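Here's the structure, in structure tokens; my notes come after.
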Amino acid sequence: MDILGTSLRVCVSDLDSAIGVYERLTGAEAIRFQRGGVAVAAVGCFFLMSGPEAELSVLRKITATLAVKDVDDAVADLKAVGADIIAGPLPTPIGRNLVARHPDGSVFEYVDRKQDADA
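Oh and the sequence shown: position 2 is 48 in my numbering, straight run, nothing missing.
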């Protein structure tokens, strides 16, 4: 699998205030989107997330988001090393994702920018 980059997940109580801080630190402009009940802003290498605690508590269990060339290739490699696919692959606003638990118990999200052929 080709890992293209990593994004850090940061849960915040006030997304608007946090965006200004992270835009200044990274020099990047926020890209906002909604994922379920959670408002998300991608700013540089950070995913800022704000929303109901019930949803954030699940998201906090994911160590990081890894950008990959192809989620399908990631599935094959993850299964080959004994990882469990917890969710996905599923379409997202920018491509597809999956969540996997590695054999050591760490949980990661994998995303690509490929659109589903059926979408």
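Beta carbons are placed, not taken as given, at the ideal position from N, Cα and C, and that holds for glycine.
Since the model is a prediction, treat every value here as computed from it, not as a measurement.
Which residues does DSSP pair with residue i in a beta bridge?
i      : result
Pro137 : Arg142
Leu50  : Bridge partners of Leu50: none, in fact.
Asp158 : Arg142
Ile132 : According to DSSP, Ile132 bridges with nothing at all.
Between residue i and residue j, what straight-line distance do the alpha-carbon atoms span, to the nearest angstrom?
i      : j      : result
Gly96  : Leu54  : Residue identity check: residue 96 is Ser in the sequence provided, not Gly. Going from the Cα of Ser96 to the Cα of Leu54 covers about 14 Å.
Val114 : Lys125 : 16 Å
Val104 : Phe92  : 18 Å
Thr52  : Ala110 : 7 Å
Ala146 : Asp119 : 13 Å
Ile108 : Arg70  : 25 Å
Gly82  : Val127 : 31 Å
Ile77  : Gly66  : 12 Å
Asp48  : Gly151 : 22 Å
Leu50  : Tyr68  : 21 Å
Just to confirm, is the Cβ distance from residue i to residue j under 8 Å?
i      : j      : result
Val121 : Gly141 : no
Phe154 : Leu112 : yes
Glu99  : Val84  : no
Phe79  : Pro137 : no
Kindly list the residues whose CB is nearer than 8 Å to the CB of residue i, restricted to its own chain and excluding five residues on each side of it in sequence; keep chain order.
i      : result
Lys160 : Asp116, Val117, Gly141, Arg142
Ala64  : Val56, Val58, Ala87, Leu94, Ser96
Ile131 : Val121, Leu124, Lys125, Leu144, Val145, Ala146
Might you give, ordered along the chain, the residues of its own chain that have their beta carbon closer than 6 Å to the beta carbon of residue i, omitting 5 neighbours on each side?
i      : result
His148 : Ala129
Ala163 : Residue confidence is low: Ala163 scores 47 on pLDDT, short of 50, so the model does not pin down where it sits. Its coordinate-derived value is still stated next. Correct list: empty, nothing qualifies.
Gly90  : Thr72, Ala74
Ala133 : Val145
Tell me the start and end of each unbroken beta strand (DSSP E) in the stretch 58 to 129 that is at least 3 residues and wholly inside, in chain order. 77 to 81, 84 to 89, 92 to 96, 110 to 114
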